[in-house]
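The next block holds one structure in the form of structure tokens; read it before the comments.
Residue numbers (full-length UniProt numbering): 1 to 76.
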């Protein structure tokens, strides 16, 4: 993640935004102090696939056709 001085960032804004769009992270600094971190856009489709994949690993597969055995607390 390269550091970019604010004056250089301001002068070459479109170039740095294109780099961020292409997947590069940038840190904007002023006098050595971090002002902002520019991140690439989130691909919502890929994020959703990743989340669903993680959820699929935790799913329990059981018999959903047969009647439930035992009494439920809500029935009492």
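Beta carbons: idealized from backbone N, C-alpha and C, even for Gly.
All values reported here derive from a predicted model rather than from experimental measurement.
Per DSSP, residue 26 is one residue of the beta strand (DSSP E) stretching across 26 to 30. Between the segment 37 to 55 and the segment 18 to 26, the count of C-beta pairs closer than 8 Å reaches three or more; the two stretches touch.
C-alpha of residue 58 to C-alpha of residue 72: approximately 24 Å in a straight line. The shortest C-alpha to C-alpha distance from residue 30 to any of 45, 46, 9, 49 is the one to 9.
The three-state secondary structure of residue 58, taken from DSSP, is helix.
Checking the DSSP bridge columns, you'll see residue 36 partnered with 28.
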